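Enquirer: What follows is a structure written as structure tokens; I'll ask about it next.
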Amino acid sequence: MTDIQTYIDAENDRQGRIERVSATMPSSQAQRLAEIKQYAEVALARVYGGRIAPELVQRMTDGLILDASVLCSIGGGVDEMPQSEDGWDAFAKGLVASEPLAQRCVEFNDAKLKEALRQDELSNLSPQQRISMARNDSLDAYVEEKIQQRLEDRLDR
Amino acid sequence: MNSVLLSVDDLRRGTGWGQYRIRSMLKLPYPLPFDQAPTGPHGGTKARLYRLDDVLVRCRLKPSFTSKQEAALLRLAQQKLNET
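In order, the protein sequence lines correspond to chains A and B. Quick note on our numbering: the first sequence kicks off at 2 and runs consecutively. Quick note on our numbering: the second sequence kicks off at 6 and runs consecutively.
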């Protein structure tokens, strides 16, 4: 019970901070922040595709207003935001690493995909092959290898 | 998520304001939450460390806070961020 209340308090605190900072932000900085949010959204889509729920993407980009490096970049005169595609990809990975919900969402989607691939590979084998491989104790290793191959093929595309 | 904590001394350097103005800004209308820096080898008062976003909001609410002061404060925060 305490944990839930602590979580709710932390969430309210975060929302309050976001609202306070955005309410007092000058328009020029708000414009720059909107650009950064857009770059971050594109980078998240590029790196993770549809593996992160849109609500979580929204949550992460909203939270950028509290990030010290973002605040410093939009108002401090020294732009330290990434300038290349790779830099933005690393930024997106950092965002997900700092958001436990997004990490869980990615892991869940990966597990779901792996299970679908596993079922697909198993259905490609004939029942005789499946039984003989299961008796040899090589079925799991074979399927795992096939799943890894297909995952890598997906990444290469 | 990167975060920077600023002490009253950092705020004095960043804004150019005196310590009394900064202290009243941090305490009114309600005291801002703060962390405490660890004490040094000889003990002494633990410095209060405030979050950058909290401090920025309070500063922006002061009519005398200019964009130049804001830029200076953010540059100082960036230096601290790069140091850590």
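Quick reminder that beta carbons are idealized off the backbone N, C-alpha and C, glycines included. Nothing here was measured: the structure is a model prediction, and the numbers come from that model.
Rounding to the nearest angstrom, what Cα-Cα distance links B:TRP22 and B:SER12 in this structure?
Expert: Each residue's Cα considered, the two are about 13 Å apart.
Enquirer: Starting from the C-beta of A:ARG158, find all residues in its chain whose C-beta is less than 8 Å away, skip the five residues before and the five after it, and write them out in chain order.
Expert: With a pLDDT of 49 at A:ARG158, under the threshold of 50, the predicted position of this residue should be treated as unreliable, though the coordinate-derived value follows. Excluding positions up to five away in sequence, the list is empty.
Enquirer: Beta-carbon of B:LEU86 versus every beta-carbon of chain A: anything under 7 Å?
Expert: Yes, contact with chain A.
Enquirer: By how many angstroms is the C-alpha of B:LEU57 removed from the C-alpha of B:VAL9?
Expert: The alpha-carbon atoms of B:VAL9 and B:LEU57 are separated by roughly 6 Å.
Enquirer: Suppose you measure from the CA of A:ARG119 to the CA of B:ASP14; what does that come to, to the nearest Å?
Expert: Straight-line Cα distance between these residues: approximately 59 Å.
Enquirer: Would you give the residue range spanned by the alpha helix (DSSP H) that A:TYR40 belongs to?
Expert: Note, A:TYR40: alpha helix (DSSP H), 28-49.
Enquirer: Give a yes or no on whether 7 Å exceeds the smallest Cβ distance from A:ARG18 to chain B.
Expert: Cβ-Cβ to chain B under 7 Å: yes for A:ARG18.
Enquirer: Please compile the residues from chain B whose C-beta is within a distance smaller than 7 Å of the C-beta of A:ARG21.
Expert: Those within 7 Å of A:ARG21 in chain B are VAL62.
Enquirer: Taking three-plus beta-carbon pairs below 8 Å as touching, is the stretch 13-26 of chain A in contact with the stretch 55-74 of chain B?
Expert: With a cut-off of 8 Å, the stretch 55-74 of chain B and the stretch 13-26 of chain A count as touching, because enough Cβ pairs lie within range.
Enquirer: Indicate the three-state DSSP secondary structure (helix, strand or coil) for A:GLY95 in the structure shown.
Expert: In the structure shown, A:GLY95 sits in a helix (DSSP, three-state: H, G or I).
Enquirer: Since A:ARG52 contacts A:ASN110 with CB under 8 Å, what's their CB separation in whole angstroms?
Expert: Yes, A:ARG52 and A:ASN110 are in contact; Cβ-Cβ is about 4 Å, under 8 Å.
Enquirer: Taking all protein chains shown into account, do 16 or more other C-beta atoms lie within 10 angstroms of the C-beta of A:VAL144, making it buried, or fewer, making it exposed?
Expert: A:VAL144 should be labelled buried.
Enquirer: B:ARG56 bridges to which residues according to DSSP?
Expert: For B:ARG56, which the question treats as bridged, DSSP gives the partners B:LEU10.
Enquirer: Please classify A:THR1 as buried or exposed, where buried requires at least 16 neighbouring CB atoms within 10 angstroms.
Expert: This structure does not reach residue 1 of chain A, given that chain A is present from 2 up to 158, and the question cannot be answered.
Enquirer: Quick one: give me the first and last residue of the alpha helix (DSSP H) that A:ARG60 is part of.
Expert: Residues 55-64.
Enquirer: Below 6 Å CB to CB, which residues in the same chain sit around B:ALA42 once its five sequence neighbours on both sides are set aside?
Expert: Correct list, in chain order: LYS51, ALA52, LEU54.
Enquirer: So A:GLY76 contacts chain C; which residues on that side make the cut at Cβ distance below 7 Å?
Expert: Going by chain labels, chain C is absent from the structure shown, which instead holds the protein chains A and B.
Enquirer: Determine, using beta carbons only, whether A:CYS73 and B:LEU16 come nearer to each other than 7 Å.
Expert: No, Cβ-Cβ distance for A:CYS73 and B:LEU16 is not below 7 Å.
Enquirer: For A:LEU57, collect the residues of the same chain with a Cβ closer than 8 Å to its Cβ; drop the 5 residues on either side in sequence, then sort them by chain order.
Expert: The answer, listed in chain order, is GLU100, LEU102, ALA103, CYS106.
Enquirer: Can you pull the chain A neighbours of B:GLN41, defined as C-beta to C-beta under 9 Å?
Expert: Correct list: empty, because the minimum Cβ distance to chain A is about 19 Å.
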